[in-house]
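2 protein chains.
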Amino acid sequence: MVDTTQKWNVPRAAEVVIIGGGFGGVDAARAFAGEQVKVTLIDRRNYNLFVPLLYQVASSQLSPEHIAQPLRRLFRRQKNLTIVFDEAVDIDEANKQVIVAAGEPIHYDYLIIAAGARDAYFGNDQWSEYAWGLKSLEDAERIQQRILLNFELAEVAEDPAERNRLLTYVLVGGGPTGVEMAGAIAELSRYTLTREFKNVDTRHTRVVLLEGMDRILPPFDPELSAAARKSLEKLGVEVHTNAMVTGVDARGVEVNKDERIEAGLVVWAAGIQGASINQGVADVAELDRARRIIVTPELHIPGHPEIFVIGDTAHIPGPEGRPLPGVAQVAQQGGKHAAVNILHGIAGEPYEPFVYKDYGSMATIGRNSAVASIGGMKFSGYPAWAVWAFIHILRLINFRNKIYVFFKWMWDYVDYNRSGRLIRNYSHPHHTVEQSKSQE
Amino acid sequence: MVDTTQKWNVPRAAEVVIIGGGFGGVDAARAFAGEQVKVTLIDRRNYNLFVPLLYQVASSQLSPEHIAQPLRRLFRRQKNLTIVFDEAVDIDEANKQVIVAAGEPIHYDYLIIAAGARDAYFGNDQWSEYAWGLKSLEDAERIQQRILLNFELAEVAEDPAERNRLLTYVLVGGGPTGVEMAGAIAELSRYTLTREFKNVDTRHTRVVLLEGMDRILPPFDPELSAAARKSLEKLGVEVHTNAMVTGVDARGVEVNKDERIEAGLVVWAAGIQGASINQGVADVAELDRARRIIVTPELHIPGHPEIFVIGDTAHIPGPEGRPLPGVAQVAQQGGKHAAVNILHGIAGEPYEPFVYKDYGSMATIGRNSAVASIGGMKFSGYPAWAVWAFIHILRLINFRNKIYVFFKWMWDYVDYNRSGRLIRNYSHPHHTVEQSKSQE
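In order, the protein sequence lines correspond to chains F and R. Sequential numbering from 3 applies to the first sequence in the numbering used here. Sequential numbering from 3 applies to the second sequence in the numbering used here.
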């Protein structure tokens with residue numbers, strides 16, 4: 003595609019395309035506000051999602067509307083941005099265009115790939131049918147529905163073994179998602195649902211957390227791992243470390259090739275891999291073992307200074323040769339940095355390397371306990387939970403949704419705003435079965 | 003089934019079975035609190051629904067969680083009540099038992115049928131595929147999703163005719179549902195979505211309300227009908243009276259056999275008929291033209307003093323020989339009355355005839371206008387809207403959900419309550435295709 007406008011020195015706004023409206027993509031898009039660029043944001047969903055609270059939707063604590071906001075609403079004041087509700091399926095680097103499922107190819111001068119991650123089953127993709135991940139609203143709602151149904155089916159189950167199976171939950175992976183989900187299910191069964199059933203004592207629900215390493219929350223300090231374990235066990239969660247899942251089927255899991263756990267629901271939180279769109283640049287970029295795109299310290303593909311990759315989609319070199327972790331902070335800071343580098347590029351200035359500022363990490367265990375590691379300080383128990391709640395309230399306010407929920411009804415009558423406009427389970431047209439399969 | 007316990011004069015609590023957890027069923031069940039009866043409430047959904055605000059879910063103003071509450075939560079303190087999450091499919095009057103889809107038959111001494119209504123297409127059932135009713139959460143969510151999608155598809159439509167079709171909404175039936183839905187779609191497109199799209203001016207959305215009679219809201223005073231029409235037209239709604247729908251297909255409707263309206267969504271609010279369970283008593287009861295069960299003034303089936311029918315399921319003789327209208331008040335008062343009569347029956351006392359107290363009726367048109375007829379007084383415009391809002395806030399508070407929404411998040415951390423536990427789209431097991439078909 004020859005750009006004829008440049009031949010005549012007609013100034014043309016640079017075209018920036020962003021794939022993905024998650025933490026990274028949204029912060030990148032925002033960084034272009036007011037700049038002389040034409041930004042196109044492509045997402046197959048019509049909303050931005052506050053992923054750290056997804057487990058609360060899965061455990062019926064929050065509604066989808068509380069943790070998702072329509073992208074069009076979010077960007078309605080940013081004049082230089084267009085939202086394309088479509089699915090990016092491939093990248094044509096030679097012609098600098100993104101191929102989408104339904105519409106025409108979209109040209110870019112600069113591209114930011116911020117497509118996120120999906121669950122990794124480490125060569126056992128057939129497990130995905132029974133061990134459900136928790137990466138999307140659909141995932142969270144599917145898990146939520148299954149939990150609610152399990153209690154109803156247990157209420158009418160005649161076989162005690164079947165009833166016990168329905169009341170057993172297995173969480174695979176002792177990272178924050180597994181820990182938080184285990185705590186949430188334990189609290190749901192021990193506090194929320196008590197007295198509602200006649201034949202089932204929901205307090206006898208069995209919640210099993212399986213971790214392959216020798217402690218849960220491995221990236222945290224060992225002291226915090228121990229504190230988290232203690233908090234979970236206080237809630238009645240069985241924590242099994244050095245427990246590798248060696249089989250998954252419709253009725254449970256096999257652990258370390260010798261133990262069988264019958265379960266009514268298996269949640270998979272044991273690992274992630276780069277989004278499938280990464281395959282679209284596999285001819286010009288190197289992927290790591292987790293199928294993430296390996297980028298330069300400036301966050302672009304080596305040899306392709308016009309293609310940036312950020313967030314969970316990217317393998318970003320970090321300290322001690324290890325890639326930066328797949329957390330929201332890395333995505334947000336990376337999104338902003340990629341945008342700044344693109345503006346440098348447009349201005350003819352050199353790129354700057356990305357320096358990640360780690361503000362700490364946290365995981366919550368139920369409503370009164372958490373572990374947090376912030377600026378070298380370690381917290382656990384209630385103080386950590388207070389820190390967790392404070393920071394999440396701040397972040398959600400920034401996300402325009404927490405305080406918002408309180409005043410939503412009242413406000414709606416004044417402002418005509420409606421936050422719940424989330425399109426779910428939509429299959430984009432022109433999608434063949436093969437494409438659908440390759441996407442997830 | 004011989005009841006041996008009575009032979010020996012062993013006191014046995016009378017068994018009352020209620021089919022349906024809507025307004026009528028819930029108020030009937032509540033009326034038995036503390037009484038010496040054994041109550042079983044059967045519902046195929048696990049929640050009670052505040053139907054008058056369903057149109058607000060369909061128009062993205064409220065979330066499903068705001069207008070639905072789990073039945074188990076609602077009745078967790080009523081010791082003499084058991085909830086059966088199953089679908090009543092037939093009634094065996096000879097053996098006094100209700101046949102359910104998944105579980106064992108359930109015996110009753112007294113039965114209350116409060117199964118609600120479904121949409122009536124007056125001999126054109128094939129229209130139901132394209133002209134969607136608004137009777138359930140699933141209906142509301144389907145309509146909500148279609149509206150949101152239509153705007154997205156219009157944004158990328160290349161054919162202007164197709165874009166116009168996608169932006170045309172037809173509401174069939176000028177009763178409260180049609181009027182309220184028309185106002186809500188008009189407001190959504192004219193206020194909420196403006197500025198969010200690049201290619202589409204959502205303010206040009208066409209909203210058409212079709213009514214077969216010579217005025218909308220026929221049960222209201224003609225003055226109020228005229229006021230409602232004026233309010234709708236101010237919002238840009240096209241009101242067509244004397245407009246009979248004579249055809250419906252995937253792309254629009256035909257009116258009075260000569261006019262064609264291409265539409266992106268057709269909502270059917272033109273009539274209802276009794277629930278399909280009514281067929282289960284057709285051998286012992288008479289059904290009216292709308293398939294409602296005709297009952298005595300005491301609310302039971304003639305000749306069957308042990309089978310009561312209330313709400314939209316019943317044809318209850320009213321003043322001037324006309325049946326009472328299918329509104330929440332009739333269901334709630336009838337539910338309570340049926341329960342009181344059953345308690346009379348258990349005590350060996352005679353039944354009392356049902357006397358309906360009409361507290362008035364209302365319909366709202368957008369956020370600032372309504373029509374209301376209360377105790378002989380007529381209101382329209384903003385005063386009527388204020389009355390509407392006040393009464394609905396009171397009713398929702400009674401429903402534990404409006405003020406509730408404001409404090410939900412805060413409260414959740416104290417009380418461990420969670421309101422959003424709604425099982426949706428669940429197919430009960432042991433269900434054959436034929437049974438499913440006969441249900442809707």
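Glycine is no exception: its CB is placed at the ideal position from the N, C-alpha and C atoms. Here the structure is a predicted model, which means the values were calculated and not measured.
Classified as buried, Phe-153(F) has 16 or more neighbouring CB atoms from the shown chains inside 10 Å of its CB. Residue pairing for Ile-101(F): DSSP places it in a beta bridge opposite Asp-92(F). Distance from the Cα of Thr-248(R) is smallest, within the candidate group Asp-127(R), Ala-374(R) and Glu-37(R), for Asp-127(R). Counting C-beta pairs with one atom in each stretch, the region 195-213 of chain R and the region 239-246 of chain R have three or more that are closer than 8 Å, which means they touch. The region 205-252 of chain F is shown to contain whole beta strand (DSSP E) runs of 3 or more residues at 208-212, 239-242 and 247-251, in chain order.
Within chain F, the residues placing a beta-carbon under 8 Å from that of Glu-67(R) are Ser-65, ordered along the chain. Nearest to Val-283(R) by alpha-carbon distance, out of Gly-383(R), Ala-333(R), Glu-256(R) and Glu-308(R), is Glu-308(R). The Cβ-Cβ distance between Asp-111(R) and Ile-101(R) does not fall below 8 Å.
Within the region 292-355 of chain R, complete alpha helix (DSSP H) segments of at least 4 residues are found at 330-348, given in chain order. Counting along the chain, Leu-56(R) sits inside the alpha helix (DSSP H) bounded by residues 56-60. Per DSSP, the beta bridge partners of Ala-16(R) are Val-39(R). Using a CB distance below 7 Å, the part of the region 65-89 of chain F facing chain R consists of Ser-65, Glu-67, Arg-74, Arg-75, Arg-78, Thr-84 and Phe-87, ordered along the chain. Per the Cβ contact rule, the region 359-379 of chain F is not in contact with the region 136-146 of chain F (fewer than 3 Cβ pairs under 8 Å).
Annotated as proximal: Ile-344(R) and Phe-310(R), with beta-carbon spacing under 8 Å. In the DSSP assignment, Ile-274(F) forms a beta bridge with Asp-121(F). Gln-58(R) sits close to Leu-64(R), with the two beta carbons spaced by under 8 Å. Considering only Gly-118(F), Ile-85(F) and Arg-291(F), the residue with the shortest C-alpha distance to Ile-108(F) is Ile-85(F).
The shortest CA-to-CA distance from Gln-147(F) to any of Pro-66(F), Asn-97(F) and Glu-264(F) is the one to Pro-66(F). Per DSSP, Asn-82(F) is not a residue of any alpha helix (DSSP H), being assigned neither H nor E. Only residues of its own chain outside the window of five on either side were considered, and among them Phe-153, Ser-191, Leu-195 and Thr-196 have a CB closer than 7 Å to the CB of Thr-204(F), listed in chain order. Secondary structure note for Thr-366(F): its beta strand (DSSP E) is the uninterrupted segment 363-367. Assignment of Arg-262(F) by DSSP, reduced to helix, strand and coil, places it in the strand class.
Taking 8 Å as the threshold, the shortest C-beta distance from Gly-383(R) to chain F does not fall below it. Your pair Gly-337(R) and Ala-30(R) checks out as a contact, with CB atoms roughly 4 Å apart and the cut at 8 Å. In the structure shown, the three-state DSSP call for Ser-191(F) is helix. Uninterrupted alpha helix (DSSP H) stretches at least 4 residues long and entirely within the region 372-397 of chain R do not occur.
If you check the CB distance, Asp-92(R) and Ile-44(R) do not come in under 8 Å. The beta carbon of Gly-180(R) does not come within 8 Å of any beta carbon belonging to chain F, so the residue lies off that interface. Bounds of the alpha helix (DSSP H) holding Ala-142(F) are 139-158. Taking C-beta atoms under 8 Å as the contact rule, Val-181(R) and Leu-234(R) qualify, at a distance of about 7 Å. Residues of the region 15-46 of chain R with a Cβ closer than 7 Å to any Cβ of chain F: none. Between the C-alpha atoms of Ser-61(R) and Ala-186(R) there is a straight-line separation of about 6 Å. Of the candidates Ala-316(R), Asp-260(R) and Gln-80(R), Ala-316(R) places its Cα closest to the Cα of Ala-277(R). When Cβ-Cβ separations below 8 Å define contact, Val-250(R) makes no contact with chain F. Taking the CA atoms as reference points, Pro-162(R) sits about 26 Å from Glu-131(R). Under the three-state reduction of DSSP output, Leu-169(R) falls in the coil class, being neither helix nor strand.
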